[in-house]
Amino acid sequence: MLREREKHGLPPPLARAAMMRERGQYEATVPSQAMSAAPPQPQHQQHQQQHHQQQQQQQQQHQHQQQYKPSDIPPLTYLTPGAIFVPLPPDLAANPHPAPADRIARLRAILARLDEYAAQVRSNAVALVRRECFRVLSNALAAEPELPGQLPQSKGEDDDVLSPTAVAQAAGPGPGHGHGHGHPQHQRHPQHAAPAPAPAPSSSSALSPDDYNAMIANMSAPKSVLTATIGDASIAADPPPRPDFTKVPVRSQREMATYQIMASVSRLLDELTKMDMHFAQTRREYEAALKREMEANEVR
7 MLREREKHGL
17 PPPLARAAMM
27 RERGQYEATV
37 PSQAMSAAPP
47 QPQHQQHQQQ
57 HHQQQQQQQQ
67 QHQHQQQYKP
77 SDIPPLTYLT
87 PGAIFVPLPP
97 DLAANPHPAP
107 ADRIARLRAI
117 LARLDEYAAQ
127 VRSNAVALVR
137 RECFRVLSNA
147 LAAEPELPGQ
157 LPQSKGEDDD
167 VLSPTAVAQA
177 AGPGPGHGHG
187 HGHPQHQRHP
197 QHAAPAPAPA
207 PSSSSALSPD
217 DYNAMIANMS
227 APKSVLTATI
237 GDASIAADPP
247 PRPDFTKVPV
257 RSQREMATYQ
267 IMASVSRLLD
277 ELTKMDMHFA
287 QTRREYEAAL
297 KREMEANEVR
């Protein structure tokens, strides 16, 4: 049998088995070598993806800078002096108004025009404050480093960006809490974290039903004139002032823009209240003058 295999050039069984084992080991080593040579290709793709992401971020920032530019609207300094000037009607020259025949006709024309003029002044005031809010928002969007409509990305614990809570903690303890130097705590570990504050009491335990009903009744009651009693006389007291947002410390460009917008709206509400009081007083004066003229005309 062996001679016949040698005659035909076939290897003996033992040599063939050894060759099969060597061939199997070679085939087993080929995939491992291919797998060891594979990582450079994914690493190259990762570098390409990072480069592509950087290019996209740069393009988005460039588009953001081109789209959101600082507004050229001047800041709103005086509200009421600018709101009292209303546009003239377009048909003023085409339809000239005849002069009033007497003082009674003139006073009646003034009273008829007063309500329309008051509505135009209020509309002008609202438009001026809306433009001021647009100016503040445009400047805030232009100054914001990230894309509009997105909150700042959350950073890791090893980054140099501190959260508002960390900034407040970095300022050091308040008065009466020792000598704090205000150094930020870079090592923030769960075991060294400050204890969580105690939960606030529930509404059922903090506010009784009677107090709750009284609070709702006070908020639902119609607005009344505030009075202050001094001795035996009662005088009208001024309403409480609105909050002053200019005294609130800001920590970011967004907070500054928010406080400026709220301050502008609060200013508008104050000015509208004063305008309503002024126009009501003006109407009473013209009505009293008209009444006197009509009485004098009857006497004549």
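Once you know that position 39 of the sequence shown is 45 in the working numbering, the rest is easy, because the numbers rise by one and skip nothing.
Heads up, the beta-carbon is just placed ideally off N, CA and C, and yes, glycines get one too.
The structure displayed is predicted, hence computed values, not measured ones.
{"Item": "Suppose the cutoff is 7 Å on Cβ atoms and the five residues either side in sequence are ignored; what does the same chain contact list for V92 look like?", "Value": "Y123, Q126, V127 and N130"}
{"Item": "Inspect the beta-carbon positions of P106 and R112 and report whether they are closer than 8 Å.", "Value": "yes"}
{"Item": "For the candidate residues H57, L120 and L134, whose alpha-carbon lies nearest to that of I79?", "Value": "L134"}
{"Item": "Taking all protein chains shown into account, do 16 or more other C-beta atoms lie within 10 angstroms of the C-beta of N145, making it buried, or fewer, making it exposed?", "Value": "buried"}
{"Item": "Can you say whether R119 is buried or exposed, counting buried as having 16 or more other CB atoms within 10 angstroms of its CB?", "Value": "exposed"}
{"Item": "Is D217 helix, strand or coil when you go by DSSP?", "Value": "helix"}
{"Item": "Give the range of the alpha helix (DSSP H) segment to which H103 is assigned.", "Value": "Segment: none, H103 is in no alpha helix (DSSP H) and carries neither H nor E."}
{"Item": "Mapping DSSP to helix, strand and coil, what is V127?", "Value": "helix"}
{"Item": "Tell me whether T171 sits in a helix, a strand or coil according to DSSP, three-state version.", "Value": "Residue placement at T171 cannot be trusted, given a pLDDT of 42 that sits under 50; the coordinates are not used to answer."}
{"Item": "Near F285, what residues of its chain come up, given a Cβ to Cβ distance below 6 Å and the 5 sequence neighbours on each side ignored?", "Value": "A124"}
{"Item": "Report the CB separation of C139 from S258 in whole angstroms; it is logged as a contact under 8 Å.", "Value": "Between S258 and C139 the Cβ distance is about 18 Å, and since that is not below 8 Å, they are no contact."}
{"Item": "If contacts are defined as beta-carbon pairs under 8 Å, then P117 and L275 qualify, I think. What distance do you get, rounded to the angstrom?", "Value": "Checking the displayed sequence, the identity of residue 117 turns out to be Leu instead of Pro. Actually they are not in contact, since the Cβ atoms of L117 and L275 sit about 27 Å apart, beyond 8 Å."}
{"Item": "Quick one: grab the DSSP three-state call for R289.", "Value": "helix"}
{"Item": "Helix or strand or just coil, what does DSSP make of D97?", "Value": "coil"}
{"Item": "Do A148 and P228 have their CB atoms nearer than 8 Å?", "Value": "no"}
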